[in-house]
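Just below is one structure, and these are the notes that go with it.
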Amino acid sequence: MDTIVAARRAGSPPDVDALVSRVWRRHDTAVSLVIDRSGSMTGARLATAALAIAAVAHRYGPAASVVAFSDRAIVLSAQDEATDPERVVADLLRLRGHGITDVALGVRAGLIQLRRATADRRVLVIASDCRANTGDDAATAVAEAMSEVDVAILAPGDDRADAATLARATGARVASLSGPGDVLEAIASALGAAAHG
Numbered sequence: 013m014d015t016i017v018a019a020r021r022a023g024s025p026p027d028v029d030a031l032v033s034r035v036w037r038r039h040d041t042a043v044s045l046v047i048d049r050s051g052s053m054t055g056a057r058l059a060t061a062a063l064a065i066a067a068v069a070h071r072y073g074p075a076a077s078v079v080a081f082s083d084r085a086i087v088l089s090a091q092d093e094a095t096d097p098e099r100v101v102a103d104l105l106r107l108r109g110h111g112i113t114d115v116a117l118g119v120r121a122g123l124i125q126l127r128r129a130t131a132d133r134r135v136l137v138i139a140s141d142c143r144a145n146t147g148d149d150a151a152t153a154v155a156e157a158m159s160e161v162d163v164a165i166l167a168p169g170d171d172r173a174d175a176a177t178l179a180r181a182t183g184a185r186v187a188s189l190s191g192p193g194d195v196l197e198a199i200a201s202a203l204g205a206a207a208h209g
């Protein structure tokens, strides 16, 4: 811009070699990763969720948000705000898994984040066994979210029954996470083909 202004003042055309172009690009996809940190999601499950955060944050940057939930929701990284992925992972691991599970609360907190996004496609990814034992009905919350966004569930490979039941009831996609080696494939599956209502 400075080159153009200087050229106009001098009454001459701008030097093409001095022009710089910046492209402001909007992400085509926004993601909210909603991570269960209740008592059933401790140890290796929480560590695997931390890897999922790192993968999503690396790929989507400020077009991704991260929400941790049990019986309350905590926004670890807000939508459309640049956040250091290492800090978000550290914050999640500091929270430790504990408490009861309100899946509906997590879904609604993630949806609030996605409503801030400007991307054409918005995906809510729930990393949970989906064993809700408090709060509103999880299936109702997921179905309501699917009227606005795509929804996918990343469930522990050894404990996916409740997540599979929730997915069948709502039409959400479910992928298994048996351990850290499954993170990239499960996220690609979830983001590549999440169901939309």
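In this note's numbering, the protein residues as written are 13 to 209.
Even for Gly, the Cβ is constructed at its ideal location relative to N, Cα and C.
Buried or exposed (CB count within 10 angstroms, at least 16 for buried), residue i
| i | result |
| --- | --- |
| P25 | exposed |
| A202 | buried |
| T130 | exposed |
| W36 | Legend: pLDDT at W36 = 46, less than 50; position of this residue unreliable, value from coordinates given subsequently. Burial call: exposed. |
| T182 | buried |
| S159 | exposed |
| H70 | exposed |
| V195 | buried |
| D162 | buried |
| A85 | buried |
| R21 | exposed |
Integer Cβ distance of residue i from residue j, believed to fall under 8 angstroms
| i | j | result |
| --- | --- | --- |
| V119 | L107 | The pair is not a contact, with the Cβ atoms about 18 angstroms apart (cut-off 8 angstroms). |
| R42 | A67 | Note that residue 42 is Ala in the sequence shown, not Arg. Their Cβ separation, rounded to whole angstroms, is 16 angstroms, which puts A42 and A67 out of contact at 8 angstroms. |
| N145 | T113 | 5 angstroms |
| L126 | R133 | Contact flag wrong, Cβ pair sits at about 10 angstroms. |
| G73 | A94 | 7 angstroms |
Segment limits, beta strand (DSSP E) that includes residue i
| i | result |
| --- | --- |
| P168 | 162-168 |
| I86 | 85-89 |
| I138 | 133-139 |
| A76 | 76-81 |
| R185 | 185-189 |
| T41 | 41-48 |
Short Cβ contact (8 angstroms threshold) for residue i with residue j
| i | j | result |
| --- | --- | --- |
| A153 | C142 | no |
| G111 | S77 | no |
| G169 | V46 | no |
| A175 | A167 | yes |
| L104 | L88 | yes |
| A198 | S188 | yes |
| D48 | S190 | no |
| A173 | G147 | no |
| V79 | S44 | yes |
| D171 | R128 | no |
Residue i - containing alpha helix (DSSP H), residue span
| i | result |
| --- | --- |
| I199 | 195-204 |
| R120 | 115-126 |
| R71 | 56-72 |
| E98 | 97-107 |
| D92 | Here D92 belongs to no alpha helix (DSSP H), and DSSP marks it neither H nor E. |
| M158 | 150-158 |
| A129 | Note, A129: premise wrong, no alpha helix (DSSP H); not H, not E. |
| T182 | 173-182 |
Under 8 angstroms: do the segment 89-105 and the segment 56-65 share three or more Cβ pairs, one atom per stretch? A contact exists between the segment 89-105 and the segment 56-65.
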